[in-house]
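Encoded structure:
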């Protein structure tokens with residue numbers, strides 16, 4: 153709907169193709185009406201606001217701590233809804249999402265409903281839960297991607313109270329329980345959440361496909377279970393640009409316990425890609441040392457399913473009993489990733505010491521499902537106690553390592569340097585492996601034909617000491633890989649640069665996770681200035697502008713989601729400025745611009761173009777002093793009357809038509825002092841040769857032949873004469889030009905008289 157103000161021209165409005173979301177405000181410190189209509193009147197309870205929210209609403213939540221319910225019960229939870237978006241990170245007072253800062257203004261969803269938790273040292277074994285905690289701080293059930301949680305800290309979710317049986321759902325998912333749901337979770341931090349005798353201390357996903365993007369999972373603990381994030385059932389989440397830091401998982405007696413302290417992917421899942429994630433300082437280890445315990449595997453990530461792709465990820469300082477960084481049981485591809493300073497330790501199972509193995513990557517599979525490690529760098533990983541192998545293939549598992557660097561990995565004697573780098577069912581091609589061909593009486597070195605394209609020459613890292621593992625000029629690893637061994641997903645290196653780049657001699661991939669000399673890809677487009685909605689007169693020209701950054705952006709303007717083309721009426725449809733010529737009512741509506749380049753595309757906000765009818769009549773006799781000065785030098789701007797006590801000059805305008813038969817002209821005067829008497833009069837002649845003569849504090853521009861019914865300027869200082877003007881006067885005829893002017897009381901005017909006038913307006917009436 154288009155509702156013009158009293159002083160606006162009549163508008164021709166069409167509905168925008170994109171409806172703006174209704175914003176509901178939440179601020180625990182608000183003191184107003186508590187109805188969510190503004191920051192000052194914000195809800196103080198997020199739970200109340202969320203329970204009342206309807207599809208199409210956005211909840212903007214100010215920084216502070218919010219509890220999931222008033223009852224301090226384990227069952228208290230924030231329940232997500234389809235179509236409802238929750239955005240945190242506001243200071244309060246913002247007018248757009250772009251203004252929020254979720255780092256500077258943390259919005260915390262806390263499960264500490266008893267508000268008496270405290271942490272000892274270490275945090276995971278010194279957490280005193282106090283009286284009560286929510287079992288799951290946030291719940292998503294049967295919701296789709298339009299259920300959004302963005303910019304929050306989710307913390308202090310715990311297990312059920314003492315006596316809750318193992319396997320109960322209350323023992324899973326301290327942060328977010330996601331069952332049969334696919335919400336969008338972005339820019340959130342999950343910390344200090346607990347699952348015990350269950351899994352998924354931060355998030356448990358069952359039969360759902362949520363989006364987890366740009367999130368941090370840190371300081372979460374799963375006791376006798378697996379994964380800060382645990383994925384099970386028929387689930388296929390999006391996991392991108394996330395950080396898994398300092399999560400802890402402990403193993404007990406049998407089963408899949410302590411498999412992946414950071415991320416665990418369960419059995420028989422659809423293919424899943426983990427993209428651009430960091431796994432740092434996560435630990436999977438034993439809690440009990442007695443009989444019947446299970447080995448803890450995959451300090452950072454553990455996967456039991458086929459189809460895993462790990463791309464452009466970093467694994468650093470993780471530890472476990474097997475697969476210090478990563479452990480897999482199914483077919484998988486690890487590409488363009490970095491493994492540094494991960495550790496494995498031996499453990500005791502049933503009174504027997506079981507050796508640690510796979511300081512970076514461990515794998516066991518009895519179904520002959522292969523694993524490929526391509527374009528990776530594995531450096532300074534340690535087998536502290538146990539068998540050798542930064543990469544270890546157990547059982548009948550076949551691991552193929554291509555285009556990679558294995559250097560500086562260690563294992564205790566009697567392991568050789570080569571065995572510290574890889575052991576078991578591992579095949580290598582086009583790799584740089586320290587000590588690859590060194591003699592070893594216990595393990596004869598491979599023949600060159602058995603390891604095609606492999607070398608053992610120092611890779612010449614930029615700084616081995618500080619772990620800057622990019623290659624330097626002259627490295628033997630430059631152009632030493634094999635393009636044929638690259639998977640189709642290996643388009644970028646770990647820096648996000650082009651993967652295959654001409655080095656010293658050819659367009660051949662380098663060994664390791666970084667491509668030497670490769671430029672960054674084209675910068676993705678980003679819109680820094682959005683097109684603005686505007687009102688423009690019919691018959692004129694309108695321009696809409698967008699400003700974008702990024703390499704060689706392309707532009708495509710659209711109206712109502714339909715692409716436009718240059719045709720004389722539209723021009724600049726493929727530039728940053730769209731121009732619409734000869735505006736008509738049909739041009740009104742919503743316009744946006746798709747900006748794209750080789751990196752991707754982004755769509756601007758929708759700008760609404762409103763086409764307004766041309767103004768009615770001709771303004772004359774302005775009190776601007778151009779010919780005739782106002783009575784006491786109180787000249788104002790062109791098109792207005794002389795200055796009055798409001799500091800403005802009164803402006804008379806008309807809308808509608810000059811048709812005597814339609815008689816639909818509306819005369820509106822604005823910028824007068826408030827709550828004063830006003831009347832409009834009409835005449836047939838112009839005084840002072842059209843420039844007026846002194847009259848009170850203003851100018852008299854025409855001699856009245858009729859005075860219309862007086863009114864009041866009201867609080868806004870405006871008056872509209874909307875009754876049929878011709879009929880009201882009884883003196884207007886077709887083919888004649890009439891001159892209208894407004895007179896109003898103004899006791900405090902600058903010249904000392906008690907009244908003033910507007911400019912005048914001429915209208916020539918037609919039948």
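In the working numbering, the protein residues as written are 153 to 919.
Even for Gly, the Cβ is constructed at its ideal location relative to N, Cα and C.
Look up residue i in the DSSP assignment and say whether it is helix, strand or coil.
i: residue 411; result: strand
i: residue 448; result: coil
i: residue 198; result: helix
i: residue 588; result: coil
i: residue 648; result: coil
i: residue 840; result: helix
i: residue 757; result: coil
i: residue 432; result: strand
i: residue 612; result: coil
i: residue 682; result: coil
i: residue 704; result: coil
i: residue 552; result: strand
i: residue 908; result: strand
i: residue 288; result: coil
i: residue 443; result: Confidence is the limiting factor: at residue 443 the pLDDT is only 47, short of 50, which leaves the residue's position unreliable and the question unanswerable from this model.
i: residue 812; result: coil
Give me, in chain order, the residues of the same chain whose beta-carbon lies closer than 7 Å to that of residue i; leave out the 5 immediate sequence neighbours on both sides.
i: residue 213; result: 178, 198, 238, 239, 240, 242 and 259
i: residue 575; result: 539, 540, 541 and 544
i: residue 791; result: 771, 774, 803 and 911
i: residue 903; result: 783, 784, 786 and 849
i: residue 175; result: 210 and 212
i: residue 905; result: 848 and 849
i: residue 569; result: 586, 587 and 590
i: residue 636; result: none
i: residue 419; result: 456 and 457
i: residue 351; result: 324, 374, 377, 378, 379, 382 and 416
Span of the beta strand (DSSP E) holding residue i?
i: residue 821; result: 818-822
i: residue 572; result: It is not in any beta strand (DSSP E) - residue 572 instead sits in the alpha helix (DSSP H) that spans 569-573.
i: residue 687; result: 686-689
i: residue 260; result: 259-262
i: residue 580; result: 578-581
i: residue 746; result: 741-749
i: residue 355; result: 355-358
i: residue 382; result: 381-384
i: residue 558; result: 557-559
i: residue 437; result: 435-438
i: residue 835; result: 829-835
i: residue 500; result: 499-501
i: residue 780; result: First-last for residue 780: undefined, no H or E at that position.
i: residue 856; result: 856-859
i: residue 713; result: First-last for residue 713: undefined, no H or E at that position.
i: residue 891; result: 889-897
i: residue 375; result: 373-375
i: residue 323; result: Here residue 323 belongs to no beta strand (DSSP E), and DSSP marks it neither H nor E.
i: residue 252; result: Per DSSP, residue 252 belongs to no beta strand (DSSP E) and is neither H nor E.
i: residue 307; result: 305-307
Please work out which residues of its chain come closer than 6 Å, Cβ to Cβ, to residue i, disregarding the five sequence neighbours upstream and downstream, and give them in chain order.
i: residue 658; result: 631
i: residue 724; result: 730 and 731
i: residue 532; result: 492, 493 and 560
i: residue 705; result: 677, 747 and 749
i: residue 700; result: 677, 679 and 747
i: residue 552; result: 524 and 579
i: residue 592; result: 568
Run the CB neighbour count on residue i, radius 10 Å, all protein chains shown included, and call it buried at 16 or more, exposed below.
i: residue 220; result: buried
i: residue 885; result: exposed
i: residue 251; result: exposed
i: residue 837; result: exposed
i: residue 682; result: buried
i: residue 919; result: exposed
i: residue 327; result: buried
i: residue 349; result: buried
i: residue 386; result: exposed
At what residues does the alpha helix (DSSP H) containing residue i begin and finish?
i: residue 878; result: 877-881
Which same chain residues end up closer than 8 Å to residue i when comparing Cβ atoms and leaving out the 5 residues on each side of it in sequence?
i: residue 787; result: 775, 776, 777, 781, 794 and 795
task: Check whether the stretch 742-754 touches the stretch 663-676, taking contact to mean three or more Cβ pairs, one atom from each stretch, closer than 8 Å.
output: Output reads yes: the stretch 663-676 touches the stretch 742-754.
message: Is it the case that the stretch 851-869 contacts the stretch 804-818, given that we only count it when at least three CB pairs across the two stretches are under 8 Å?
response: A contact is defined here as three or more CB-CB pairs under 8 Å, and the stretch 804-818 fails this definition with respect to the stretch 851-869.
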